[in-house]
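Enquirer:
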Amino acid sequence: MLKVESINVFYGNIQALKGVSLEVKEGEIVTFIGANGAGKSTLLKTISGLLKPKHGDILYEGQSIAGKAAQMIVKQGISHVPEGRRIFANMTVEENLELGAFLRKDKDGIREDFEKVYHLFPRLLERRKQLAGTLSGGEQQMLAMGRALMARPRLLLLDEPSMGLAPLLVKTIFRIIEEINSFGTTILLVEQNANMALSVADRAYVIESGRVVLSGSAEELNASEQVKMAYLGGH
Amino acid sequence: MELIQQLVNGISLGSIYALIALGYTMVYGIVRLINFAHGDVFMIGAFVGFYAITGLHLGFFSALLLAMAVCSLLGVLIERIAYKPLRNATKIAALITAIGVSLLIEYGVIYIRGAQPEAYPGTILPDKKIELFGVTISSQSILILCTSIVLMILLQLIVHKTKIGKAMRAVSHDAEAARLMGINVDHTISATFAIGSALAGAAGVIFGIYYIKIEPLMGIIPGLKAFVAAVFGGIGIIPGAMVGGLALGVIEALVSGLGYSLWRDGVAFIVLILILIFRPSGLFGKNVREKV
């Protein structure tokens with residue numbers, strides 16, 4: 362479904378991604394784990410069109426989307442839940458969700474998806490007239506995910522959904538990620554919380570200072586000594 | 002009674018400031034730029050209205066609409082040509098460019114048609130004096146006030162109910178997140194310039210009808226005062242610009258009413274200094290703290 366072919370991405374003179382390649386197949390949950398500053402967010406931003414790769418290509422359903430405008434990529438079915446949630450704090454929960462469906466014109470479908478999102482996140486329904494900035498961190502994460510789902514994506518990019526959340530909430534969020542996946546949405550998940558990420562993922566990549574250093578099935582990486590040492594706090 | 006009379010004058014003047022201030026505040030909200038050419042768009046609106054009425058013999062509303070259309074086109078052009086290439090440049094570069102655009106429009110107009118002033122014909126709107134509780138209000142100023150109010154309500158509807166309005170709010174809050182929603186940021190910025198400039202154009206026509214005399218440098222002082230009004234209300238905040246404009250108009254009228262009309266302009270800038278000292282984020286400026 363998605364193939365990233367040795368992309369190089371720069372911020373000015375600083376190279377953030379060095380020949381990163383990966384593949385996401387339809388229906389999978391694929392996770393990218395790595396430390397802060399390893400290039401995880403850069404990767405997602407490049408896929409969703411916020412950044413342009415200098416070299417390499419990104420193929421989505423066989424077509425190149427590298428360097429295309431972000432709105433074209435959303436239109437083709439890739440939604441990105443950015444790091445730090447980036448909800449529109451001065452708008453209501455409902456307005457945030459409406460903006461998620463910005464490019465859609467099928468009123469019935471949108472109404473259906475509102476119901477789906479409220480079913481998935483009942484808290485959002487309770488607070489739908491509230492300003493998004495007044496929500497708790499966990500609720501904001503739910504809103505950011507719900508907003509992305511309103512575009513009816515086939516591929517969902519999630520950037521650090523567990524960041525800053527209490528352990529119990531992290532569990533809830535990951536349960537919901539699995540639920541979204543079970544409805545047929547493919548997921549590319551970027552996480553520092555390697556434990557949780559590997560527990561839901563089918564396959565995983567480990568990224569270190571802009572390079573993929575390991576990849577394999579989630580079980581393989583879970584068992585790998587290298588990963589245990591570096592990311593799972595094992596000995 | 003004198004006081005109420007001044008209050009009425011102040012509200013009429015204030016509604017003109019408010020219309021101009023809205024453009025300042027909307028543009029600032031979305032591209033964080035003080036568009037110093039905005040006062041000149043207001044002047045262009047006044048001239049388009051004047052030529053539409055005297056040359057094309059249009060009525061008030063058609064002239065108003067024409068001025069709004071021309072100004073919104075002008076606003077979009079200014080953004081595309083002058084500001085868009087500088088979107089990622091330093092703030093000071095964009096600010097200096099704005100001043101340059103302002104001078105270009107002012108002296109471009111003088112070059113084309115000369116610096117001589119024009120007078121709006123006084124017969125466009127019926128001017129009846131209405132006596133109300135001992136206060137004389139001209140029917141003209143009521144119509145002007147109503148026009149301003151309708152435009153402001155329309156703006157609120159656009160910003161809160163339409164798709165483009167929601168896109169504008171989203172981009173002004175977080176342009177990158179807005180792009181992730183599929184919002185075309187360039188189009189949204191153009192729309193903001195179009196709407197803000199149309200309001201300035203309307204203000205120009207209204208100003209001409211109310212104050213009669215128009216000239217190519219007429220945009221400077223009202224432009225600066227509308228900027229004060231926008232800062233007063235909290236720059237980037239739409240209701241703030243409306244309230245700030247009205248408040249500034251009333252303050253000025255009261256100062257004149259007290260017999261200090263020479264101090265009128267000075268007071269506006271004293272207001273600016275006081276706000277910047279005591280409430281830099283303006284009347285409505287509250288930083289919504291985001292939870293992490």
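Residue numbers (the working numbering), protein chains in the order written: chain A, 362 to 596; chain B, 2 to 293.
Even for Gly, the Cβ is constructed at its ideal location relative to N, Cα and C.
Note that the structure is a prediction, hence the values are computed from the model and not measured.
(1) May I ask you to verify whether the stretch 36-44 of chain B touches the stretch 160-180 of chain B, counting CB pairs closer than 8 angstroms and requiring at least 3?
(2) Give me the residue from B:Leu263, B:Val229, B:Ile210 with the minimum Cα distance to Ile54 of chain B.
(3) So which residues on chain A does Asn185 of chain B lean against when the C-beta distance must stay under 7 angstroms?
(4) Residues in its own chain within less than 6 angstroms of Gln501 of chain A by CB, not counting five upstream and five downstream?
(5) Check for me: the alpha helix (DSSP H) holding Ser409 of chain A runs from which residue to which?
(6) When you compare the CB positions of Ser409 of chain A and Ala431 of chain A, do they come within less than 8 angstroms of one another, or not?
(7) Identify the contact partners of Gly398 of chain A in chain B, using a Cβ-Cβ distance below 9 angstroms as the criterion.
(8) Please identify, using Cβ separations under 8 angstroms, the residues of the stretch 429-458 of chain A that lie next to chain B, in order along the chain.
(9) Is any beta-carbon of chain B found at less than 8 angstroms from that of Phe463 of chain A?
(10) Strictly under 8 angstroms for the Cβ-Cβ distance: is Asp41 of chain B near chain A by that measure?
(11) State yes or no: is the beta carbon of Ala565 of chain A nearer than 8 angstroms to at least one beta carbon in chain B?
(12) Taking only beta carbons into account, state which residues of the stretch 165-176 of chain B come closer than 8 angstroms to chain A, listed in chain order.
(13) Could you tell me which chain B residues have their CB closer than 8 angstroms to the CB of Ser409 of chain A, listed as they occur along the chain?
(14) What is the DSSP secondary structure of Tyr121 of chain B, counted as helix, strand or coil?
(15) Are Met219 of chain B and Met153 of chain B closer than 8 angstroms when you measure CB to CB?
(16) Please state whether DSSP places Ile92 of chain B in a helix, a strand or coil.
(17) Can a CB atom of chain A be found closer than 8 angstroms to the CB of Ala178 of chain B?
(18) Please go through the stretch 370-432 of chain A and give each complete beta strand (DSSP E) segment of 3 or more residues, from N-terminal end onward.
(19) Determine, for Glu291 of chain B, whether the minimum Cβ-Cβ distance to residues of chain A falls below 8 angstroms.
(20) Quick one: is Ala512 of chain A near chain B, going by C-beta distance under 8 angstroms?
(21) What residue does the alpha helix (DSSP H) around Leu263 of chain B start on, and which one ends it?
(22) Could you pull the DSSP bridge partners for Leu74 of chain B from this structure?
(23) Hey, is the stretch 221-231 of chain B in contact with the stretch 462-482 of chain A, meaning 3+ C-beta pairs nearer than 8 angstroms?
(24) Which bits of chain B does Leu460 of chain A rub up against, with CB to CB less than 7 angstroms?
(25) Apply the 10 Å Cβ neighbour rule to Glu3 of chain B and answer buried if 16 or more other Cβ atoms are within range, or exposed otherwise.
(26) So is Phe393 of chain A buried or exposed if we call it buried at 16+ other beta carbons inside 10 Å?
(27) Give me the Cβ distance between Ala99 of chain B and Leu34 of chain B, rounded to the nearest whole Å; I'm assuming they're in contact under 8 angstroms.
(28) Among the residues of its own chain, which have a CB less than 7 angstroms from the CB of Val370 of chain A, if the five just before and after it don't count?
(29) I'd like the list of long-range same chain contacts for Ala562 of chain A, defined as Cβ closer than 7 angstroms, with 5 residues on each side in sequence excluded.
(30) What does the alpha-carbon distance come out to for the pair Ile159 of chain B and Met27 of chain B?
(31) From Gly499 of chain A to Gly166 of chain B, what distance separates their C-alpha atoms?
(32) What do you reckon, are the CB atoms on His39 of chain B and Ala199 of chain B nearer than 8 angstroms?
(33) For Thr124 of chain B, count the other beta carbons within 10 Å of its own beta carbon; 16 or more makes it buried, fewer makes it exposed. Which is it?
(34) Would Asp490 of chain A and Glu455 of chain A be called neighbours here (beta carbons separated by less than 8 angstroms)?
(35) Let's see if you can read the secondary structure: which residues bound the beta strand (DSSP E) around Ser523 of chain A?
Expert: Let me lay it out:
(1) no
(2) In the second sequence, counting from the first residue as 1, residue 54 of chain B sits at position 53. Considering only alpha carbons, the answer is B:Ile210.
(3) By one-based count along the second sequence, residue 185 of chain B stands at place 184. Simply Gln432.
(4) In the first sequence, residue 501 of chain A corresponds to position 140, counting from 1. So the list reads Arg446, Ile448, once near-sequence residues are dropped.
(5) Working through the first sequence from its first residue, we reach residue 409 of chain A at position 48. It is not in any alpha helix (DSSP H) - Ser409 of chain A carries neither H nor E in the DSSP assignment.
(6) Translated into positions along the first sequence, residue 409 of chain A becomes position 48. Translated into positions along the first sequence, residue 431 of chain A becomes position 70. Yes.
(7) To locate residue 398 of chain A, count along the first sequence from 1; it is residue 37. Under the 9 angstroms cutoff, chain B gives no residues; its nearest Cβ is about 19 angstroms from Gly398 of chain A.
(8) Ala430, Ala431, Gln432, Val435, Lys436, Ser440, His441, Pro443, Gly445, Arg447, Ile448, Phe449, Ala450, Asn451, Met452, Glu456
(9) Residue mapping note: residue 463 of chain A aligns to position 102 of the first sequence, counting from 1. Cβ-Cβ to chain B under 8 angstroms: yes for Phe463 of chain A.
(10) Your numbering for residue 41 of chain B matches position 40 in the second sequence. So no, Asp41 of chain B is outside the interface.
(11) As a first step, residue 565 of chain A must be located in the first sequence, where it is residue number 204. Closer than 8 angstroms: no.
(12) Lys167, Ala168, Arg170, Ala171, His174, Asp175
(13) Sequence index remark: in the first sequence, residue 409 of chain A carries index 48 (1-based). Ordered by position in chain B, the residues that pass the 8 angstroms Cβ test against Ser409 of chain A are Leu181.
(14) For the purposes of this step, residue 121 of chain B is identified with residue 120 of the second sequence, where counting begins at 1. Tyr121 of chain B: coil per DSSP, three-state reduction.
(15) The residue you call residue 219 of chain B lines up with position 218 of the second sequence. The residue you call residue 153 of chain B lines up with position 152 of the second sequence. No, the pair does not count as a contact, with Cβ atoms beyond the cut-off.
(16) In the second sequence, counting from the first residue as 1, residue 92 of chain B sits at position 91. Here residue 92 of chain B turns out to be Lys, not Ile, going by the sequence shown. Secondary structure at Lys92 of chain B: helix, using DSSP grouped into helix, strand and coil.
(17) As a first step, residue 178 of chain B is located in the second sequence; it is residue number 177 there, counting from the start. Yes, its Cβ sits closer than 8 angstroms to a Cβ of chain A.
(18) Listed in chain order, the complete beta strand (DSSP E) runs (minimum 3 residues) inside the stretch 370-432 of chain A are 375-385, 390-394, 416-421.
(19) Working through the second sequence from its first residue, we reach residue 291 of chain B at position 290. Model confidence at Glu291 of chain B stands at a pLDDT of 42, short of 50, so the residue's coordinates are unreliable; what they give is reported in the following sentence. True, the Cβ-Cβ gap to chain A drops below 8 angstroms.
(20) Taking the first residue of the first sequence as 1, we reach residue 512 of chain A at position 151. Output row for Ala512 of chain A: interface = yes.
(21) As a position in the second sequence, residue 263 of chain B is number 262, starting the count at 1. Taken as a continuous stretch (DSSP letters only), Leu263 of chain B belongs to no alpha helix (DSSP H), as it is neither H nor E.
(22) Counted from its first residue, the second sequence places residue 74 of chain B at position 73. Bridge partners of Leu74 of chain B: none, in fact.
(23) no
(24) Start at 1 with the first residue of the first sequence, and residue 460 of chain A comes out as number 99. Near Leu460 of chain A (Cβ distances below 7 angstroms), the residues of chain B are Lys167, Ala171, Met182.
(25) Counted from its first residue, the second sequence places residue 3 of chain B at position 2. Its Cβ having fewer than 16 others within 10 Å, Glu3 of chain B is exposed.
(26) In the first sequence, the residue the question calls residue 393 of chain A occupies position 32. Buried is the call here.
(27) For the purposes of this step, residue 99 of chain B is identified with residue 98 of the second sequence, where counting begins at 1. For the purposes of this step, residue 34 of chain B is identified with residue 33 of the second sequence, where counting begins at 1. Confirmed, Cβ separation roughly 7 angstroms.
(28) For this step, residue 370 of chain A is matched to residue 9 along the first sequence. Taken in chain order, the residues that qualify are Ala377, Leu378, Thr403, Thr407, Leu412, Pro414, Lys415.
(29) Taking the first residue of the first sequence as 1, we reach residue 562 of chain A at position 201. Same-chain partners within the cutoff: Ile390, Val391, Thr392, Leu550, Ala579.
(30) The residue you call residue 159 of chain B lines up with position 158 of the second sequence. The residue you call residue 27 of chain B lines up with position 26 of the second sequence. Roughly 12 angstroms separates the two Cα atoms.
(31) To locate residue 499 of chain A, count along the first sequence from 1; it is residue 138. To locate residue 166 of chain B, count along the second sequence from 1; it is residue 165. The alpha-carbon atoms of Gly499 of chain A and Gly166 of chain B are separated by roughly 28 angstroms.
(32) Locating residue 39 of chain B in the second sequence gives position 38, counting from the first residue. Locating residue 199 of chain B in the second sequence gives position 198, counting from the first residue. Contact flag unset, no.
(33) Looking up residue 124 of chain B in the second sequence gives position 123. Taking a 10 Å sphere around the C-beta of Thr124 of chain B, we find fewer than 16 other C-beta atoms and assign the residue as exposed.
(34) For the purposes of this step, residue 490 of chain A is taken as residue 129 along the first sequence, with counting starting at 1. For the purposes of this step, residue 455 of chain A is taken as residue 94 along the first sequence, with counting starting at 1. It should be pointed out that residue 490 of chain A corresponds to Lys in this sequence rather than to Asp. Remark: C-beta atoms of Lys490 of chain A and Glu455 of chain A approach each other more closely than 8 angstroms.
(35) Taking the first sequence and counting its residues from 1, the one referred to as residue 523 of chain A is at position 162. Note, Ser523 of chain A: premise wrong, no beta strand (DSSP E); not H, not E.
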